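Shown next, in structure tokens, is the structure this report addresses.
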Amino acid sequence: MKNKITKLIGILTITFVLLMPIAAQAADTKSFTFDMVHVLGIGTFTSTKDSVKGTVNMSSWGGDTYFTIHIYEKSGGSNILVDRLGFTKSSAGSPYTDTSYSVKKGNKYGYEIWKNQNKKRIKGSGSLSY
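The opening position of the sequence shown corresponds to residue -9 in our numbering, with each subsequent residue numbered one higher.
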């Protein structure tokens, strides 16, 4: 019986050690919803990899056809625009995706949704994998 327990503990230890690097590389994901007419902040997050992937599902384009998610690096009290994720209405429909490789692992970035200031309302949900 003691031999079986020792083998089981050994197998579990080896499994844990092998899976640890995979868990460490897993990206964080932030889900969000939006119902907006011009600008909406999503939040500030520390990047866990050297890219960010945005995915959105639109429930209403409200007559608009395009919007962006701006990516700002947060550094020393300033916000520096480093890139934008762009989403354009298409006949293929949701989900819409875009990826930026302008972020660096370990740095803080702020994310905001921007669209034309034309009083048209867009609605949907999405996620950022960072």
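Every residue gets a Cβ at the ideal spot worked out from N, C-alpha and C, and that includes glycine. Predicted, not measured: the structure shown is a model, and the values here were computed from it.
Short Cβ contact (9 Å threshold) for residue i with residue j
i	j	result
Tyr62	Asn106	no
Arg74	Ser90	yes
Phe35	Tyr86	no
Val72	Val93	yes
Ser119	Thr19	yes
Gly96	Met48	no
Ile70	Ile32	no
Val98	Ser65	Reading off the sequence shown, one finds Lys at residue 98, where the question assumed Val. Contact: yes.
Residue range of the unbroken beta strand (DSSP E) whose run includes residue i
i	result
Gly44	Val42 to Ser50
Arg74	Ser68 to Thr78
Thr38	No beta strand (DSSP E) holds Thr38; DSSP gives it neither H nor E.
Gly100	Lys98 to Trp104
Where residue i sits in the DSSP three-state scheme
i	result
His60	strand
Asp25	strand
Ser84	coil
Ser117	strand
Gly31	strand
Between the CA atoms of residue j and residue i - distance to the nearest angstrom
i	j	result
Asp54	Gly76	13 Å
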